[in-house]
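J.: Handing you a structure now.
There are 2 protein chains.
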Amino acid sequence: MSLAHALLTSLLEKPCSGLDLARRFQRSIGFFWPASHQLIYKELGKLESLGWVVSVAEEGARGRKRVYQVLPTGRTELLRWVADTEEPTPLRDALMVRLRAEAVLGANSGAVNDLNYRLATHKQKLALYQEIEQRDFAGRELSRAEQLQYLVLQSGLVAEASQIELCEKGLALLNKLDS
Amino acid sequence: MSLAHALLTSLLEKPCSGLDLARRFQRSIGFFWPASHQLIYKELGKLESLGWVVSVAEEGARGRKRVYQVLPTGRTELLRWVADTEEPTPLRDALMVRLRAEAVLGANSGAVNDLNYRLATHKQKLALYQEIEQRDFAGRELSRAEQLQYLVLQSGLVAEASQIELCEKGLALLNKLDS
DNA sequence: CTTGTCATGTAATAGGTTACATGATTCC
DNA sequence: GGAATCATGTAACCTATTACATGACAAG
């Protein structure tokens, strides 16, 4: 149930509506625990029925906007969960399957396409992370919370950089083998 | 539908039964596309109904063992898929959520537990990959197929190594901040 | 008064996990 | 004959995705 706890974390940082949460997820926690707005609404309903959060209809806002806030019970539950251990979620990487398929199928089977595509997307993501690094963490004293957030970002930076390296290595290898 | 194509790949390497596939998955393709035996049986049924594989009951074997083999149609389909491109499956890493939660909850919230646990499991996996590296790829000429398989393994080696580094960095940071 | 955006959802489907069921064969 | 293991599955459930629905308000 990591989504529940990701939402609690995000709501503790700042109470907000479901759609706001969805938007914030897209550019922070969602990088390593993605969630669509539909899923977030469903999960918020669950959190509220568990008594971990409350929602208050915002007066004067458009539509039927509700602002969610974490209750003490929710904070306690998050504390419990943080101290827990868990099996890492297993990797699922179709590119690796493609490379194995390329191995068994023989020369120029086409895995080079996905290698190129992935190279581009990982470069893009790396650039995004570097932008965030410059914007939020560069050249100043960091609080405890910020240092931890920076660590998470660094994990992303390293991951993207090694993916890029792998793609380049793969492209060079296929080029050498099949030219 | 990557599982389907992972199974086709594995069956091209060597035709076998569902349970054999499940066992081989556990120590090769399953590292980056895990699948339980239940799921594999279901998917094999689908592959057969699509005409991509055939199964033959093995005479003299125990139970109702069936051996699966890839048909030309299946090989063609695999070729089509290999040349395809695909969005990388999004990361889902609860440890990162825990670190963000630790950031918002304050000192000694307990993320250190999962950092330690993950450090241990990643070290174990790295050791396993290194063992495979020594056993299958060390100190000899590699065929084209083997070089590609080695590339996939190297991706795993790098990934585990960076996870280990991240855990150690996180532990050092929390130790410094909260001692 | 129509188009766009904000805001919240529903329904169908896909993909996978967990727990359990079942029968055959081998080993002792 | 009983236990272990081989081999194939079923059923219930969970998580998440995709496509679509609905209503309110804001801007032109």
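Chains as they are written, first to last, in UniProt numbering: chain A, 1 to 179; chain B, 1 to 179.
Positions of the beta carbon are idealized from the N, C-alpha and C atoms, including for glycine.
#1: Just the Cα atoms here: how many angstroms apart are ALA103/B and LEU12/A?
#2: For the UniProt domain "Transcription regulator PadR N-terminal" (7-78) of chain B, which residues have a CB atom closer than 9 Å to at least one CB atom of chain A, in sequence order?
#3: By alpha-carbon positions, which one of VAL112/A, ALA101/A, LEU19/A and PHE137/A ends up nearest to LYS65/A?
#4: Buried or exposed for LEU3/A, please, with buried defined as at least 16 other CB atoms from any protein chain shown within 10 angstroms of its CB.
#5: Cα-Cα, which of GLU133/B, SER55/B, LEU171/B and SER162/B is closest to ARG27/B?
#6: Enumerate in chain order the residues of its own chain whose CB-to-CB distance from LEU74/A is below 6 Å, with the five nearest sequence positions on each side excluded.
#7: Please classify ALA111/B: is it buried, with 16 or more other beta-carbons within 10 angstroms of its beta-carbon, or exposed?
#8: Could you list which residues in chain A have their beta carbon closer than 8 Å to that of ASN113/B, in chain order?
#9: Can you find a CB in chain B that lies within less than 7 Å of the CB of GLY139/A?
#10: Can you list, in chain order, the residues of its chain whose CB lies under 8 Å from that of LEU119/B, leaving out five sequence neighbours each side?
#11: For SER55/A, which of helix, strand or coil comes out of DSSP?
#12: In whole angstroms, what is the alpha-carbon distance linking LEU78/B and GLY60/A?
#13: Straight-line CA distance for ASN175/A to THR121/A?
#14: Where are the beta strand (DSSP E) runs, 3 residues long or more, that stay fully inside the UniProt domain "Transcription regulator PadR N-terminal" (7-78) of chain A, in chain order?
#15: Are the Cβ atoms of HIS37/B and ALA57/B separated by less than 7 Å?
#16: Grab the span of the alpha helix (DSSP H) containing residue 188/B for me, first residue to last.
#17: Any C-beta of chain A within less than 7 Å: which residues of the region 127-152 of chain B qualify?
#18: Whole angstroms are fine: how far does the CA of LEU95/A sit from the CA of THR85/B?
#19: With distances taken Cα to Cα, identify the nearest neighbour of residue 215/B among LEU91/A, GLU87/A and ALA35/A.
#20: If you draw a straight line from the alpha carbon of VAL70/A to that of GLN147/B, how long is it in whole angstroms?
T.: With the given structure in hand:
#1: So the alpha carbons of these two residues sit roughly 11 Å apart.
#2: Answer set for the UniProt domain "Transcription regulator PadR N-terminal" (7-78) of chain B: LEU8, THR9, SER10, LEU12, GLU13, SER28, ILE29, GLY30, PHE31, PHE32, TRP33, PRO34, ARG75 and LEU78.
#3: Distance check between LYS65/A and each of VAL112/A, ALA101/A, LEU19/A and PHE137/A places LEU19/A closest, using alpha-carbon atoms only.
#4: Residue burial annotation: LEU3/A is buried, with at least 16 other C-beta atoms found within 10 angstroms of its C-beta.
#5: Measuring from the Cα of ARG27/B, the nearest candidate turns out to be GLU133/B.
#6: Residue 74/A is actually Gly in this sequence, not Leu. Close CB contacts of GLY74/A within its chain, under the 6 Å cut and outside five residues either way in sequence, are with LEU8, TRP52 and VAL53 (chain order).
#7: Label assigned to ALA111/B: buried.
#8: Those are ALA83, ASP84 and THR85, listed as they occur along chain A.
#9: In terms of beta-carbon proximity, GLY139/A stays away from the interface with chain B, with every pair separated by 7 Å or more.
#10: Excluding sequence neighbours, LEU119/B sits near ILE164, CYS167, GLU168 and LEU171.
#11: Reduced to three states, the DSSP call for SER55/A is strand.
#12: Between the C-alpha atoms of LEU78/B and GLY60/A there is a straight-line separation of about 56 Å.
#13: Between the alpha carbons of ASN175/A and THR121/A lies a distance of about 20 Å.
#14: Taking only runs of at least 3 residues, the beta strand (DSSP E) segments lying wholly in the UniProt domain "Transcription regulator PadR N-terminal" (7-78) of chain A are 53-57 and 66-70.
#15: No, the Cβ-Cβ distance between HIS37/B and ALA57/B is not below 7 Å.
#16: The first residue shown for chain B is 1 and the last is 179, placing residue 188/B beyond what the model contains.
#17: Cβ contacts with chain A come from ARG144, ALA145, GLN147, LEU148, GLN149, LEU151 and VAL152.
#18: Distance between the alpha carbons of THR85/B and LEU95/A is about 9 Å.
#19: Residue 215/B is absent from the structure shown; chain B starts at 1 and stops at 179.
#20: When rounded, the distance between both Cα atoms is 52 Å.
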